[in-house]
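Q: Below is a structure I'd like to ask you about.
Chains as they are written, first to last, in the numbering used here: chain A, 281 to 586; chain B, 281 to 586.
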C-alpha cells in the first residue's frame with residue numbers, strides 16, 4: 281500500500297488535552313470529523329479518513345484497541361499494533377491522532393456500560409456476547425472526547441454501524457454517523473486488519489466470502505427474493521473452503537432480523553457472513569439492491585471509488 | 281411557598297429546537313447550566329435553580345416525568361404533574377424550560393440503555409430494579425440535548441447523584457455535576473414532590489426519617505463510628521412510626537457499600553433510609569461528618585441556606 285505524503289498527524293495521549301485543543305478549534309468556527317479505529321490501518325481506513333476530510337476542517341483519528349469489545353477467548357493480545365506505521369499512513373490525511381492508554385479510557389472504578397437491545401442479539405452478537413456493549417460504550421466515550429460533527433465508519437462492520445447509529449440517535453448525540461462502502465482487494469476480499477493473520481493458502485480460500493455474496497447479489501439482481509435461496513447460494517461458496525461458518529444471515533438491514541413477510545418492492549436485503557479461516561475470524565456483507573459487488577477482473581471494486 | 285416574580289421561562293417541547301437555541305447561545309460565548317427535574321417543583325428544586333444561575337449565563341430546567349425510571353408497580357400514573365404551577369415557580373429563575381413529550385424522548389425503536397454497575401445494586405436499586413438504568417439513560421440524553429457546562433442535582437437523591445457522577449465521568453461527558461444540600465421543611469422533613477401525597481397524620485409520622493438521621497448524626501458527632509450502633513439509632517426512630525422499612529444503610533458514601541474496615545479518621549459515613557408511610561415511599565439521607573442536620577426549633581435547616 282503506497283504511503284501518503286504530507287505532515288505526520290500530531291499524536292495526543294490525553295483525551296482531556298485533545299478536548300481542550302478541539303474546543304479551541306470549535307470556538308474558532310472549525311468543524312471536526314472523526315474516524316475511530318483500532319489501528320492496523322489499511323486502505324479501507326484511509327478511505328474513511330479521506331471522506332472525513334471532505335466533511336470538516338479538522339480530522340481526528342483515534343487508534344485504540346478497545347479491550348472491552350474482545351471476549352475472553354478472542355484475539356485481544358494478538359491484535360496487530362504498530363502505531364508508527366499507522367501514523368505514516370495518516371500523513372497528510374489526519375490532523376490529530378488520539379492514541380490513549382487503556383487506563384486513560386478506563387480508569388479504576390469505571391462502571392458504566394451502554395447496551396443497545398435488539399440489533400446486538402443476532403449475527404456477530406450471538407457468538408460475541410458483550411462485544412457490542414463494548415463497542416457502543418467506547419464509541420460514546422470517544423464521541424464525548426472528540427465532540428465531532430460527523431463520524432465515519434465502514435460498512436464492512438455493518439452490524440457495528442447500525443448499533444452505533446442506533447446508540448447515537450437514542451442518546452441524542454449531536455453527531456452525524458456516516459457509513460462508507462467496504463474497500464476490497466483486487467480479488468474482492470474485504471480489507472480487514474485481521475487479513476494479515478492469514479497464510480497464503482488461507483488468503484486464497486478467504487475469497488469464498490465475497491464469492492458467496494456475489495452469488496447472492498447476482499441472483500438478487502435477477503429477481504430472486506427468497507431468503508432460503510439466497511442463503512443457500514452464499515453457503516454453497518463457503519462450504520469446503522472455509523474452516524467454520526459462524527453465520528450466514530439474509531434479512532432486514534435495518535432491524536438485522538429476518539423479514540416478517542415478503543421483501544417490499546424496491547426494498548434491500550442484507551447478506552452477511554462470518555466464518556473462520558484457519559484461526560482467523562472474517563466477516564463480510566453486502567446490502568443487496570443498494571450496492572454493486574461486481575469486481576472487474578484484476579481491478580478494484582467500484583465501492584472503493586465511491 | 282411564595283412564588284417568585286419575573287418573566288416566565290420560555291417552554292420548548294422539541295429537544296432539537298432547544299439545542300439550536302443553545303448552540304447559538306454557546307456560539308456567543310454564553311455558558312449553560314442545567315437542572316433536570318420531573319416537575320412538581322418545591323423549594324428544593326428552586327434552590328438548585330438559583331445555584332445554577334450562579335454557575336452560568338443561561339439556566340435550563342427540564343420537566344419530564346421519565347417513564348423508564350418507574351417500575352411496573354410504581355407511581356408513574358399518579359406522579360404529580362402541573363406544568364403551569366411549575367412555570368410560575370420558575371419565573372425569574374430559569375431562562376428556558378424543556379418539557380418534551382414521552383415520544384420526543386423515546387421515539388419508536390428506542391433501544392439503548394446505560395447501566396452503572398456497583399453503585400446501583402444496593403439501597404434503592406435493590407427494591408427498584410432498572411430504576412437507575414432509567415435515570416442514567418435519561419440524564420445522559422438530557423445532557424446531550426442541553427449541552428450544559430454544569431448540571432445541578434439535589435443530595436436528597438444521594439444514590440442518584442452518585443450514579444450520575446459515575447456515569448458522567450465514565451462516559452467522559454464534559455459536564456460538571458454539582459450536588460446541593462437537601463432542603464427541608466421547618467420540622468426537618470426533606471422536601472419531596474411525593475410529600476403532597478401524605479395525609480396530615482402521615483405527614484406527622486414522616487418526620488421519623490429525619491429524626492432517625494439526627495440521632496445518628498448526634499452520635500457520630502460524639503465519636504460513635506459503629507455501623508451497628510448508628511443503624512440501630514436510625515431504626516429506633518422509625519419503628520412504630522413508619523409503615524414499612526425498605527432499608528437503613530450506614531456505609532461508604534463513595535461506593536454505597538458497607539465499609540470493609542474501620543472508618544478512617546476524618547472520614548464520613550452515609551446514613552440513608554427508605555420507608556413507606558401510608559402508600560407513599562419516602563427517602564432521606566445525611567453524610568455524617570460532612571453536613572449539619574441540626575434544625576433550629578421552628579426554623580429552617582442551615583442546609584437550605586447553603
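We treat Cβ as the ideally placed atom computed from N, Cα and C, and that holds for glycine. What you are looking at is a predicted structure, and each value in this text was computed from that prediction instead of being measured.
#1: In whole angstroms, what separates the C-alpha of residue 566 of chain A from that of residue 386 of chain B?
#2: Smallest Cα separation from residue 347 of chain A: which of A:305, A:497, A:413, A:285?
#3: Against chain B, does residue 447 of chain A count as a neighbour if the rule is that its beta carbon must be under 8 Å from one of theirs?
#4: According to DSSP, is residue 565 of chain A helix, strand or coil?
#5: Apart from the five residues on each side of it in sequence, which residues of its chain come closer than 7 Å, Cβ to Cβ, to residue 393 of chain A?
#6: Taking CB distances under 8 Å as the criterion, tell me whether residue 450 of chain B reaches chain A.
#7: Tell me whether the beta-carbon of residue 427 of chain A lies closer than 8 Å to the beta-carbon of residue 302 of chain A.
#8: Applying the criterion that 16 or more other CB atoms from any shown protein chain within 10 Å of the CB defines a buried residue, is residue 290 of chain B buried or exposed?
#9: Suppose the cutoff is 6 Å on Cβ atoms and the five residues either side in sequence are ignored; what does the same chain contact list for residue 585 of chain A look like?
#10: Indicate the three-state DSSP secondary structure (helix, strand or coil) for residue 407 of chain A in the structure shown.
#11: Roughly how many whole angstroms lie between the Cα atoms of residue 311 of chain B and residue 307 of chain A?
#12: Can you find the residues in the same chain that come closer than 6 Å, C-beta to C-beta, to residue 494 of chain A, ignoring five residues on each side of it along the sequence?
#13: If you follow the beta strand (DSSP E) that residue 376 of chain B is in, where does it begin and where does it stop?
#14: Does residue 417 of chain B come out as helix, strand or coil in the three-state DSSP assignment?
#15: Could you tell me the boundaries of the alpha helix (DSSP H) in which residue 497 of chain B lies?
#16: Is any beta-carbon of chain A found at less than 8 Å from that of residue 399 of chain B?
#17: Take residue 403 of chain A and list the residues in its own chain whose beta-carbon comes closer than 8 Å to its own, dropping the five residues that flank it on each side.
#18: Give the secondary structure of residue 412 of chain B by DSSP, where H, G and I count as helix, E and B as strand, and everything else as coil.
#19: Is there a Cβ from chain B that is less than 8 Å from the Cβ of residue 299 of chain A?
#20: Should residue 340 of chain B go down as buried or exposed, given a rule of 16 or more other Cβ atoms within 10 Å for buried?
#21: Could you pull out every unbroken beta strand (DSSP E) segment of at least 3 residues lying fully inside the region 349–393 of chain B, listed in chain order?
#22: So with CB distances below 7 Å, who are the chain A contacts of residue 394 of chain B?
#23: List the residues of chain A whose Cβ lies closer than 9 Å to the Cβ of residue 424 of chain B, in chain order.
#24: Residues in the same chain with beta-carbon distance under 8 Å from residue 329 of chain A, minus the five sequence neighbours each way, listed in chain order, please.
#25: Give the residues of chain A in contact with residue 295 of chain B, contact being defined as C-beta atoms less than 9 Å apart.
#26: Does the region 508–518 of chain B come close enough to the region 538–553 of chain B to have 3 or more Cβ pairs within less than 8 Å?
#27: Inspect the CB distances between the region 461–472 of chain A and the region 486–501 of chain A and report whether three or more fall short of 8 Å.
#28: Considering only C-alpha positions, which residue in the set B:521, B:398, B:390, B:437 is nearest to residue 447 of chain A?
#29: Using a C-beta to C-beta distance shorter than 7 Å, which residues of chain B count as neighbours of residue 420 of chain A?
#30: Going by DSSP, which residues form a beta bridge with residue 509 of chain A?
#31: Anyone know if the C-beta pair for residue 309 of chain B and residue 361 of chain B falls short of 8 Å?
#32: The beta strand (DSSP E) with residue 524 of chain B in it runs from where to where?
#33: Check for me: the beta strand (DSSP E) holding residue 433 of chain B runs from which residue to which?
#34: Classify residue 559 of chain A: buried if its beta carbon has 16 or more other beta carbons within 10 angstroms, exposed otherwise.
#35: Is the Cβ-Cβ distance between residue 569 of chain B and residue 547 of chain B less than 8 Å?
A: Quick answer:
#1: CA-to-CA, the gap between residue 566 of chain A and residue 386 of chain B works out to about 30 Å.
#2: A:413
#3: yes
#4: Look at residue 565 of chain A here: in three-state DSSP terms it is strand.
#5: 413, 417
#6: Among the residues facing chain A, residue 450 of chain B is included, as its CB has a counterpart in that chain under 8 Å away.
#7: yes
#8: exposed
#9: Residue placement at residue 585 of chain A cannot be trusted, given a pLDDT of 34 that sits under 50; what the coordinates show is reported in the next sentence. Correct list: empty, nothing qualifies.
#10: In this structure, DSSP gives residue 407 of chain A a helical state, which the three-state scheme calls helix.
#11: 13 Å
#12: Cβ within range, chain order: 573.
#13: 376–378
#14: helix
#15: 488–501
#16: yes
#17: Counting only Cβ-Cβ distances below 8 Å, and skipping sequence neighbours, we find 439, 527, 529, 536, 552, 554.
#18: Correct three-state label for residue 412 of chain B: helix.
#19: yes
#20: It is buried - the Cβ of residue 340 of chain B has at least 16 other Cβ atoms within 10 Å.
#21: For the region 349–393 of chain B, whole beta strand (DSSP E) runs of length 3 or above, ordered along the chain, are 376–378.
#22: Residues of chain A passing the Cβ test: 392, 394.
#23: For residue 424 of chain B, the C-beta contacts it makes with chain A under 9 Å involve 451, 452, 453, 454, in order along the chain.
#24: 315, 339, 341, 370, 373, 374, 432
#25: Listed by position along chain A, the residues whose Cβ is nearer than 9 Å to that of residue 295 of chain B are 452.
#26: Because the criterion of three Cβ pairs below 8 Å is met, the region 508–518 of chain B and the region 538–553 of chain B touch.
#27: yes
#28: B:390
#29: 451
#30: In the DSSP output, where bridge partners are listed per residue, residue 509 of chain A has none listed.
#31: Not closer than 8 Å, so no.
#32: 524–531
#33: 430–434
#34: exposed
#35: In this structure, residue 569 of chain B lies near residue 547 of chain B, with their beta-carbon atoms less than 8 Å apart.
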